[in-house]
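Asker: The listed protein sequences correspond, in order, to chains X and D. According to the numbering used here, the first sequence holds residues 1 to 334 in order. According to the numbering used here, the second sequence holds residues 1001 to 1334 in order. By construction, the Cβ of each residue, glycine as well, lies at the ideal position given by its N, Cα and C atoms. For clarity, every value in this text was computed on a predicted model and none was experimentally measured. First, the structure itself, so that you have it in front of you.
Number of protein chains: 2
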Amino acid sequence: MIAARTIPEARAALRELPRPLGLVPTMGALHAGHLSLVQAAKADCTSVAASVFVNPTQFGRGEDFDMYPRDEARDLRLLEEAGVAVVFMPTADQMYPEGFATSVHVGGRLTESFEGASRPSHFDGVAVIVTKLLGVVAPDVLYLGEKDAQQLAIVRRFVRDLDLPVEVTGVPTLREPDGLAMSSRNVYLTPEQRAVAPDLYRALLAGAAAGGAPGAAAKDVVVAATSALLLPDGPLDSDAVDEALAGPRFELDYLAVVDEDTFVPEGALGPRSRLVAAARLGSTRLIDTISVAVPAGDDCTDSPSANVPSSTSVPSSTNASPSSSAYPAKDATA
Amino acid sequence: MIAARTIPEARAALRELPRPLGLVPTMGALHAGHLSLVQAAKADCTSVAASVFVNPTQFGRGEDFDMYPRDEARDLRLLEEAGVAVVFMPTADQMYPEGFATSVHVGGRLTESFEGASRPSHFDGVAVIVTKLLGVVAPDVLYLGEKDAQQLAIVRRFVRDLDLPVEVTGVPTLREPDGLAMSSRNVYLTPEQRAVAPDLYRALLAGAAAGGAPGAAAKDVVVAATSALLLPDGPLDSDAVDEALAGPRFELDYLAVVDEDTFVPEGALGPRSRLVAAARLGSTRLIDTISVAVPAGDDCTDSPSANVPSSTSVPSSTNASPSSSAYPAKDATA
């Protein structure tokens, strides 16, 4: 494996690789989720490149840029073991030299709502760094995790809008045995918070289960998930309430059913419906998502003409909630 | 020559071309200046592609998008005769489909001053369409005219900032026998305006001549050029004034000496000094430019350490004003 620190080094190394070439961009602090992106790239492509860059422009003021976990030696070892041919790990000076003045912006609701509302300018940072990485690496396929569903939708949008010559592939979320979506930020959790953290995914599963009921609407999904996340299990007696109040509790940032391409909130469930959620445990913010798509024909509020599925990317089986035997489970949407 | 109307058609045709590949982007209404870009591309590259697209997003409200000259059959013939292998001529729907939401913006003075001040959002339109054309065509070298000097500086800026894998080459301005810079918009001029139009370049030549004097400052260049443009030739008697007032007269938009990379106005002449001007004849706006660079060592206000030229792209001979025998003259900067 070649580790390139500069753009010319990276281009020289990448030129030699047999095509097609897949790119897995990361901010380091690698976990099995990242390695599953490499595996997906290896399955499709002859060569795989990765990048490791903690991109300052996608962190807001007061966010965790300085404390973001970094372990370069470990990252390099894991990428080499995973079969990556070239890893690009530039300095910030390489990526944002003096005089840098260009921004790439996706306008409208897709960037302003949900993560964009909580993290102003975050997606501008994502857009510019992904555009740059595509310029340096020139891959045939770009692999991104489905966990960051809004990021995936935004990257798909500007790749299409700017005619960037790359295919974008979303890779299902990898989870810990108890269901918690893998994330480099999980290391921030205290043991008590870590014990509670899987409740977020359990809430999404409850939402997806509600969405699988005949005639369910998006509201039913949201109510089921929100209740599962915020209300204590079991009878609402005083002991249960006391116990719930004593431990770490989620503060909900958002929980909504959206069209997964546009992130417009949906009233009726459709073939691109996705339940997205962000919640805080103390100072750590967790996000997770699950497909709650139903084939167009299953949406009883649609007109008869909607029986033709409007998307082939969502298999009709995805309206089933993942079975509990699927831990470590992947998001049901391939 | 293949004329591709859609992005997939263009990509399929371009894939077959031997490399390196040069791209000449145009808005059609071709003249000898465009064809000189094709010739420059042929001199460097094995294959040449061109695009013809009157990009709506770079026209402001009240600008000439609707009346911009179009003659597709003639453009195709000229490009084929010039040796272009593939011409990409998409519809606006192809380039800006429903849901299009992405902008590419170069921030700061480079886009906000001069042309940017006169034409708000113009350069955002340029940035997005050039990024898209580079994405579709994936050329090795992009050819742009030096006449649009600010556009050239902006494209160089975002190509570098976004690490777009293309070299940008500026091509000297081609001029009519009387010195008027070739432009598709020259057809808007009335015969009377056309007779006066070469005064703009004559004014730039006067500015460059003043800049060639020992110890000249940027102010000397600006004063010489402005006087040449706005004051009548010969003695200021009442006949001369009457004659000047009777015919078409230039209204000056701007005339300044700037660093040609940053478009920051300069006080002292340096190795990247460029005189830029925009002026109106009736409703037609003309722009033109000339290098007024002096080698770093000739700038008596510079410190001794500035004797090392900071740019190799400006040959030391460019501080000579073009000789009158150079008509049809090229801008002195190669």
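Listing by chain order, which chain X residues have their CB less than 7 Å from the CB of A1012/D?
Answerer: Residues of chain X passing the Cβ test: none, with the nearest at roughly 12 Å.
Asker: Leaving out five residues before and five after Q347/X in sequence, what residues of the same chain have Cβ atoms less than 7 Å from its Cβ?
Answerer: Since the first residue shown for chain X is 1 and the last is 334, residue 347/X is missing from the structure and cannot be characterised.
Asker: Pick out whichever of A1256/D, V1294/D, T1006/D, G1107/D has its Cα sitting closest to the Cα of A1149/D.
Answerer: Among A1256/D, V1294/D, T1006/D, G1107/D, the Cα nearest to that of A1149/D belongs to A1256/D.
Asker: For L231/X, is the classification buried or exposed, using 16 other Cβ atoms within 10 angstroms of its Cβ as the cut-off for buried?
Answerer: Answer is exposed; the Cβ neighbour count stays below 16.
Asker: Cutting at 6 Å between CB atoms, please list the residues of its own chain near T173/X, excluding the five before and the five after it.
Answerer: Closer than 6 Å at the Cβ level, and outside the excluded window around T173/X, lie E146, K147, A181, D331.
Asker: Have a look at N307/X and V292/X and give me their C-alpha separation to the nearest angstrom.
Answerer: Note that N307/X scores a pLDDT of 36, beneath 50, so its modelled location is shaky and nothing firm can be said.
Asker: In angstroms with no decimal places, state the Cα-to-Cα distance between A73/X and A85/X.
Answerer: Taking the straight line joining both Cα atoms gives about 16 Å.
Asker: If contacts are defined as beta-carbon pairs under 8 Å, then A1277/D and A1225/D qualify, I think. What distance do you get, rounded to the angstrom?
Answerer: Correct: roughly 7 Å between the Cβ atoms.
Asker: So that I know if they touch, is there some Cβ in chain D lying closer than 8 Å to that of D163/X?
Answerer: Yes, contact with chain D.
Asker: Does L255/X come out as helix, strand or coil in the three-state DSSP assignment?
Answerer: Strand at L255/X.
Asker: Would a check of beta-carbon distances place P1101/D closer than 8 Å to chain X?
Answerer: In the sequence on display, residue 1101/D carries Ala and not Pro. For A1101/D, the answer is yes, since a Cβ of chain X falls inside 8 Å of its Cβ.
Asker: Straight-line CA distance for V1223/D to L1204/D?
Answerer: Answer to the nearest angstrom: the Cα atoms are 11 Å apart.
Asker: Are V1054/D and F1088/D closer than 8 Å when you measure CB to CB?
Answerer: Going by C-beta atoms, V1054/D is not nearer than 8 Å to F1088/D.
Asker: List the residues of chain X that T1131/D touches, going by C-beta distances under 9 Å, in chain order.
Answerer: V104, T131, L162, D163, L164, listed in chain order.
Asker: Note down the Cα distance separating V1106/D from L110/X, rounded to an integer number of angstroms.
Answerer: One C-alpha to the other measures close to 22 Å.
Asker: Do you know how far the Cα of L1275/D is from the Cα of L1078/D?
Answerer: Distance between the alpha carbons of L1078/D and L1275/D: 32 Å.
Asker: Between T1312/D and chain X, is the shortest Cβ-Cβ distance under 8 Å, so that the two count as touching?
Answerer: With a pLDDT of only 29 at T1312/D, under the threshold of 50, the placement of this residue in the model should not be trusted, and no figure is reported.
Asker: Using a Cβ-Cβ cutoff of less than 7 Å, which residues in the same chain neighbour D75/X once the five nearest sequence positions on both sides are dropped?
Answerer: The residues are G28, L30, V52.
Asker: Between P177/X and T91/X, what straight-line distance do the alpha-carbon atoms span, to the nearest angstrom?
Answerer: For P177/X and T91/X, the distance between alpha carbons rounds to 35 Å.
Asker: What did DSSP end up calling V264/X once you bin it into helix, strand or coil?
Answerer: V264/X falls in the coil class under three-state DSSP.
Asker: At the level of alpha carbons, what is the spacing between V258/X and I154/X?
Answerer: Computed Cα separation, rounded: 14 Å.
Asker: Take T1097/D as the anchor and find which of G1211/D, L1269/D, T1006/D, A1228/D has the nearest alpha-carbon.
Answerer: Note that residue 1097/D is Pro in the sequence shown here, rather than Thr. Checked all of G1211/D, L1269/D, T1006/D, A1228/D; the closest Cα to P1097/D is T1006/D.
Asker: So, are the CB atoms of V159/X and P20/X less than 8 Å apart?
Answerer: For V159/X and P20/X, no; Cβs fall outside 8 Å.
Asker: Are any of the Cβ atoms in chain A nearer than 8 Å to that of L1110/D?
Answerer: The structure shown contains no chain A; its protein chains are X and D.
Asker: Strictly under 8 Å for the Cβ-Cβ distance: is I1007/D near chain X by that measure?
Answerer: For I1007/D, the answer is yes, since a Cβ of chain X falls inside 8 Å of its Cβ.
Asker: How about T102/X and V1104/D: are their beta carbons less than 8 Å apart?
Answerer: Taking 8 Å as the Cβ cut-off, T102/X and V1104/D qualify as a contacting pair.
Asker: To the nearest angstrom, how far is it from the Cα of K1042/D to the Cα of G116/X?
Answerer: Rounded to whole angstroms, K1042/D to G116/X spans 46 Å at the Cα level.
Asker: Let me know the secondary structure DSSP gives A4/X once reduced to three states.
Answerer: Reduced to three states, the DSSP call for A4/X is strand.
Asker: Could you tell me whether any Cβ in chain D is nearer than 8 Å to the Cβ of G135/X?
Answerer: Closer than 8 Å: yes.
Asker: Which residues does DSSP list as the beta-bridge partners of D288/X?
Answerer: According to DSSP, D288/X bridges with A277/X.
Asker: Please state the DSSP three-state secondary structure of R61/X.
Answerer: Looking at R61/X - three-state DSSP - the assignment turns out to be coil, as it is neither helix nor strand.
Asker: Check the C-beta distance from Y1201/D over to R1185/D and give it rounded, since I have them as a contact under 8 Å.
Answerer: Going by Cβ atoms, the distance from Y1201/D to R1185/D rounds to 15 Å, so no, they are not a contact pair.
Asker: For G212/X versus P198/X, is the C-beta distance shorter than 8 Å?
Answerer: Against a cut-off of 8 Å, the Cβ pair of P198/X and G212/X comes out as no contact.
Asker: What number of angstroms, rounded off, separates the C-alpha of Q1151/D from the C-alpha of S273/X?
Answerer: In a straight line, the C-alpha of Q1151/D is about 43 Å away from that of S273/X.
Asker: In whole angstroms, give me the CA-to-CA distance for L1286/D and V48/X.
Answerer: Cα to Cα, the separation comes out at about 51 Å.
Asker: Short check: CB of V1166/D to CB of S1036/D, under 8 Å?
Answerer: It is not a contact, given that the beta carbons lie outside the stated cut-off.
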